[in-house]
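Note sheet for the following structure.
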Amino acid sequence: AQSVTQLDSQVPVFEEAPVELRCNYSSSVSVYLFWYVQYPNQGLQLLLKYLSGSTLVKGINGFEAEFNKSQTSFHLRKPSVHISDTAEYFCAVSDRGGGADGLTFGKGTHLIIQP
Amino acid sequence: DVKVTQSSRYLVKRTGEKVFLECVQDMDHENMFWYRQDPGLGLRLIYFSYDVKMKEKGDIPEGYSVSREKKERFSLILESASTNQTSMYLCASRLAGAGENNEQFFGPGTRLTVL
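Protein sequences, first through last, are from chains A and B. Add 2 to the 1-based position in the first sequence for the working numbering, that's all there is to it. Add 599 to the 1-based position in the second sequence for the working numbering, that's all there is to it.
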């Protein structure tokens with residue numbers, strides 16, 4: 003069984019400051035890792051994903067994440083946030099077996115950008 | 600672009616009613632999923648389908664059923680709606696297999712209120 007922990011339910015940050023949203027996972031098998039963003043009253047949109055290869059993954063809107071296998075982490079970062087980044091962010095995992103199983107999500111982190 | 604559409608953005612039903620939530624995708628994806636999203640709980644998998652007429656229970660299937668008669672359409676059914684099924688429901692689809700195909704594409708969600 004897999005699980006995802008997002009340690010912070012809310013992260014307030016001033017505009018133009020850097021931000022890191024934390025994600026840790028546990029799994030008995032190798033996994034794929036994802037970050038999704040949900041803007042108010044919208045569905046989920048993929049920010050970035052780690053499948054294999056380089057552990058530093060770049061996504062849309064200036065976000066990046068680093069896969070750390072030894073720490074079982076996949077933290078999301080942005081060097082300078084904007085008001086428009088206010089949203090809910092979800093970390094998710096799926097196993098590499100290629101089965102049809104759905105993603106396992108964390109409980110989400112609400113990023114609040116303060117002017 | 601992959602498009603996943605859901606029949607309603609907002610829905611209000613009464614306790615005991617039979618409720619149908621419809622999801623359609625236009626990219627010939629084999630796999631389709633239904634999640635519910637609740638504050639503080641993230642997204643939880645209700646049911647998934649890996650092909651037409653195939654279905655598997657997710658983590659919280661109780662009180663729900665599904666139907667997949669055509670590849671592009673995946674329906675979630677609440678046989679007798681209850682107030683604890685008030686939630687946001689998200690549909691997703693994905694190509695079958697592993698690797699790059701592992702990304703799920705989400706619809707905009709249906710916010711269901713059961714009175």
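Note that beta-carbon positions come from the ideal geometry of N, C-alpha and C, so glycine has one too.
request  = Give, in chain order, every residue of the segment 41-67 of chain A whose Cβ lies closer than 9 angstroms to some Cβ of chain B.
outcome  = Asn43, Gln44, Gly45, Leu46, Gln47, Leu48, Lys51, Leu53 and Ser54
request  = Closer than 7 angstroms by beta-carbon distance: list the chain B residues that pair up with A:Leu1, in chain order.
outcome  = As shown, chain A starts at 3 and ends at 117. That puts residue 1 of chain A outside it, with no answer to give.
task = Buried or exposed for A:His84, please, with buried defined as at least 16 other CB atoms from any protein chain shown within 10 angstroms of its CB.
result = Reading the first sequence from its first residue, position 82 is the one you call residue 84 of chain A. Per the 10 Å Cβ criterion, exposed.
key: Distance between beta carbons of A:Phe107 and B:Gly641, contact taken as under 8 angstroms   = Here residue 641 of chain B is taken as the residue at index 42 of the second sequence, counted from 1. Here residue 107 of chain A is taken as the residue at index 105 of the first sequence, counted from 1. Yes, B:Gly641 and A:Phe107 are in contact; Cβ-Cβ is about 4 angstroms, under 8 angstroms.
message = Quick check: A:Gly6 and A:Asp97, are their CB atoms within less than 7 angstroms of each other?
response = For the purposes of this step, residue 6 of chain A is taken as the residue at position 4 of the first sequence. For the purposes of this step, residue 97 of chain A is taken as the residue at position 95 of the first sequence. Checking the sequence shown, residue 6 of chain A turns out to be Val, not Gly. Going by C-beta atoms, A:Val6 is not nearer than 7 angstroms to A:Asp97.
query = In terms of residues, what are the limits of the beta strand (DSSP E) holding A:His112?
reply = Counted from its first residue, the first sequence places residue 112 of chain A at position 110. Per DSSP, A:His112 belongs to the beta strand (DSSP E) from Thr111 to Gln116.
query = Hey, quick one: how far does the beta strand (DSSP E) through A:Pro14 stretch, first residue to last?
reply = To locate residue 14 of chain A, count along the first sequence from 1; it is residue 12. Gln12 to Phe16 is the span of the beta strand (DSSP E), which, as asked, contains A:Pro14.
Positions along the segment 633-649 of chain B whose CB lies within less than 8 angstroms of some CB in chain A = Tyr634, Gly639, Leu640, Gly641, Leu642, Arg643, Leu644, Phe647, Ser648 and Tyr649
task = Go through its chain and collect everything with a Cβ distance to A:Glu22's Cβ below 6 angstroms, but skip five positions before and after it.
result = Along the first sequence, read from residue 1 onward, the residue named residue 22 of chain A stands at position 20. Within the same chain, A:Glu22 has close Cβ partners His77 and Arg79.
task = Taking B:Asp627 and B:Lys670 to be in contact with their CB atoms under 8 angstroms, please state how far apart those CB atoms are, rounded to whole angstroms.
result = As a position in the second sequence, residue 627 of chain B is number 28, starting the count at 1. As a position in the second sequence, residue 670 of chain B is number 71, starting the count at 1. Yes, they are in contact, since the Cβ atoms of B:Asp627 and B:Lys670 sit about 7 angstroms apart, within 8 angstroms.
ask   = Can you name, in chain order, every residue of its own chain whose Cβ lies under 8 angstroms from the Cβ of B:Arg613, other than the five neighbours on each side?
value = By one-based count along the second sequence, residue 613 of chain B stands at place 14. If we look at B:Arg613 and ignore the five residues flanking it on each side, its Cβ neighbours are Ala680, Val713 and Leu714.
ask   = Can you tell me the Cα-Cα spacing of B:Phe704 and A:Gly45, whole angstroms?
value = The residue labelled residue 704 of chain B in the question sits at position 105 within the second sequence. The residue labelled residue 45 of chain A in the question sits at position 43 within the first sequence. Looking at the two C-alpha atoms, the distance is approximately 9 angstroms.
task = State yes or no: is the beta carbon of A:Lys71 nearer than 7 angstroms to at least one beta carbon in chain B?
result = Walking along the first sequence from the start, residue 71 of chain A turns up at place 69. False, the Cβ-Cβ gap to chain B never drops below 7 angstroms.
Option nearest B:Ser686 by Cα separation, candidates B:Arg643, B:Glu629 and B:Gly615 = Reading the second sequence from its first residue, position 87 is the one you call residue 686 of chain B. Closest option to B:Ser686, Cα to Cα, is B:Arg643.
ask   = Can you give, in chain order, each stretch of the beta strand (DSSP E) that sits fully within the segment 9-89 of chain A and has at least 3 residues?
value = 12-16, 21-23, 26-28, 33-40, 47-52, 58-60, 66-70 and 75-80
request  = Could you name the residues of the same chain whose beta carbon sits closer than 7 angstroms to that of B:Val603, not counting the 5 residues immediately before and after it, in chain order?
outcome  = Here the question's residue 603 of chain B lines up with position 4 in the second sequence. Correct list, in chain order: Cys622, Gln624, Cys690, Ala691, Ser692, Phe704, Phe705 and Gly706.
task = Rank B:Asp650, B:Leu711, B:Glu616 and B:Pro638 by C-alpha distance to the C-alpha of B:Phe673 and give the top, closest one.
result = Working through the second sequence from its first residue, we reach residue 673 of chain B at position 74. Checked all of B:Asp650, B:Leu711, B:Glu616 and B:Pro638; the closest Cα to B:Phe673 is B:Asp650.
query = With distances taken between CB atoms, is the gap from A:Ser29 to A:Gln47 smaller than 7 angstroms?
reply = Here residue 29 of chain A refers to the residue found at position 27 when the first sequence is read from its first residue. Here residue 47 of chain A refers to the residue found at position 45 when the first sequence is read from its first residue. No. Outside cutoff.
inquiry  = By the 9 angstroms beta-carbon criterion, what residues does the segment 71-86 of chain A contribute toward chain B?
reply    = none
query = Name the chain A residues that come within less than 9 angstroms of B:Pro707, Cβ to Cβ?
reply = Counting from 1 along the second sequence, the entry for residue 707 of chain B is found at position 108. Neighbours of B:Pro707 on chain A, chain order: Asn43, Gln44 and Gly45.
task = Please name the residue or residues paired with B:Arg693 in a DSSP beta bridge.
result = Start at 1 with the first residue of the second sequence, and residue 693 of chain B comes out as number 94. Answer by DSSP bridge pairing, in chain order: B:Asn630.
query = Could you give the residue range of the beta strand (DSSP E) that holds B:Glu668?
reply = Here residue 668 of chain B refers to the residue found at position 69 when the second sequence is read from its first residue. Ser664 to Lys669 is the extent of the beta strand (DSSP E) around B:Glu668.
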